[in-house]
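Okay, structure first, notes after.
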Amino acid sequence: MHRVRMTRPLGEVFPIYIPEGVNLYGDSNGKGLAGGSSSLYAGPPGTPPKTGPTLISGVGSFPPTIYFPTVVPESSSQIAGFKINNPRFYDSGSTVNAGIYLKNTGITVKNNTVTAVKGTGISIHPSNGIGGGHVISGNFITSNSHGLHEADSNSNSKVEDNVITQNWIGVSTFDGLLDLGGGSRGSKGGNTLSCNTMYDLEVDVSQGFHFYALNNFWDHIPLTIATFPDGSATADLENSYQYAIMHISGSSVVSKPCNP
C-alpha cells in the first residue's frame with residue numbers, strides 16, 4: 016500500500032475490521048510514516064517510490080462493549096506499517112477510545128505508529144475474559160492517554176522492541192499478563208519506556224505476582240518507584256502496594272532521559 020488514507024471523510028466505515036487470519040500491511044519499514052524508499056512497498060527497482068504515510072484515522076462504536084476503536088483485528092490476524100489515530104474527543108464518562116482494540120487471541124501488532132488517541136493507543140481487553148496471547152512488537156506508541164493497556168486477559172502477550180513515550184501512562188496492566196522481557200512468552204525486551212507523564216509502567220496485580228520486564232530502557236537506574244495508585248507521585252514504575260515481584264535486570268538508561 017502507498018499513500019493509503021482510511022478516514023471517515025473518504026467514506027470509510029469505522030471501526031476498521033481485520034477478519035480472522037488476515038494480514039493487513041502498509042509501510043512496515045517506516046512504521047506508517049515514511050513511505051518512499053524506506054517502504055516495504057516502494058515498488059520495483061527503477062520505479063518512482065511512493066511517498067506519504069499509510070494512515071488510518073477514524074472511530075466508531077463497538078457494541079456491546081464500551082469501546083470506540085479505530086481498528087479491531089480478529090484472532091490470528093496482523094496489522095503492520097500504519098499510522099493509527101483516533102480523533103474522538105476525550106470522554107471521562109462510561110466509554111473508552113482506543114486506536115487498536117484487541118479483544119481476541121493471537122493478534123500481531125507490528126511496526127505501527129499509534130498516536131494522539133484520547134484514550135488507549137493499544138488496548139488488550141477481551142470482554143469475556145478469554146483472550147490475549149498477542150505479539151506487540153516494533154511499534155512507536157506516543158502522545159496517547161494510555162500507550163498500552165491490558166486487563167481481563169487469560170493468556171500472556173509478548174511485548175518487545177517498542178518505543179512507548181510521551182503518553183500520560185506508558186504501559187498499564189491489571190492482570191500482569193504482559194511479557195515485557197524474560198517472561199513466559201520469550202520477549203527479549205528492548206522496549207523504551209521513557210518520558211511518559213505519570214508512569215512509564217503501571218503494574219496493578221495480586222500480591223506475590225512475578226512480573227517480567229528485563230532488558231528495557233528507562234529514564235532512571237535504579238528505577239523511581241511509586242507504590243500507591245493515587246497519582247500523587249510520578250515515577251518510572253508504579254508497583255501498586257508493592258504487590259508485584261518485579262524482574263527488571265538488564266535495564267539501561269535511554270540516551271535522552273526525562274527527569275522526573
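Numbering (the working numbering), first residue to last: 16 to 275.
Cβ coordinates follow ideal geometry from the N, Cα and C atoms, glycine included.
Beta carbon of residue i nearer than 8 Å to that of residue j
| i | j | result |
| --- | --- | --- |
| residue 69 | residue 41 | yes |
| residue 233 | residue 211 | no |
| residue 217 | residue 196 | no |
| residue 112 | residue 146 | no |
| residue 160 | residue 132 | yes |
| residue 85 | residue 30 | yes |
| residue 199 | residue 177 | no |
| residue 162 | residue 179 | yes |
Coarse secondary structure for residue i, derived from DSSP in three states
| i | result |
| --- | --- |
| residue 18 | Reliability of the predicted coordinates at residue 18 is poor, the pLDDT of 46 falling under 50, and the value obtained from them is presented with this limitation in mind. In the structure shown, residue 18 sits in coil (DSSP, three-state: anything other than H, G, I, E or B). |
| residue 181 | coil |
| residue 255 | helix |
| residue 262 | strand |
| residue 188 | strand |
| residue 93 | strand |
| residue 215 | strand |
Contacts around residue i, its chain only, beta-carbon distance under 6 Å, and the 5 residues preceding and following it disregarded
| i | result |
| --- | --- |
| residue 268 | 236 |
| residue 128 | 46, 47, 48, 98, 155 |
Selection from the options that minimises the alpha carbon distance to residue i
| i | options | result |
| --- | --- | --- |
| residue 87 | 75, 252, 157 | 75 |
| residue 151 | 98, 111, 227, 206 | 206 |
| residue 91 | 248, 36, 191 | 36 |
| residue 39 | 220, 122, 228 | 122 |
| residue 106 | 82, 77, 117, 226 | 82 |
| residue 103 | 126, 125, 124, 73 | 73 |
Same chain only: Cβ atoms within 8 Å of residue i, ignoring 5 sequence neighbours per side
| i | result |
| --- | --- |
| residue 79 | 142 |
| residue 246 | 213 |
| residue 13 | Residue 13 lies beyond the stretch modelled for the chain, which goes from 16 to 275, so this question has no answer here. |
| residue 242 | 253, 254, 255, 256, 257 |
Bridge-paired residues (DSSP) for residue i
| i | result |
| --- | --- |
| residue 84 | 113 |
| residue 105 | The partner list for residue 105 (beta bridge, DSSP) is empty, contrary to what the question assumes. |
| residue 147 | 120, 170 |
Sequence-distant residues of its chain with Cβ nearer than 7 Å to residue i (five each side left out)
| i | result |
| --- | --- |
| residue 168 | 139, 141, 146, 147, 190, 192 |
| residue 202 | 173, 174, 175, 194, 195, 196 |
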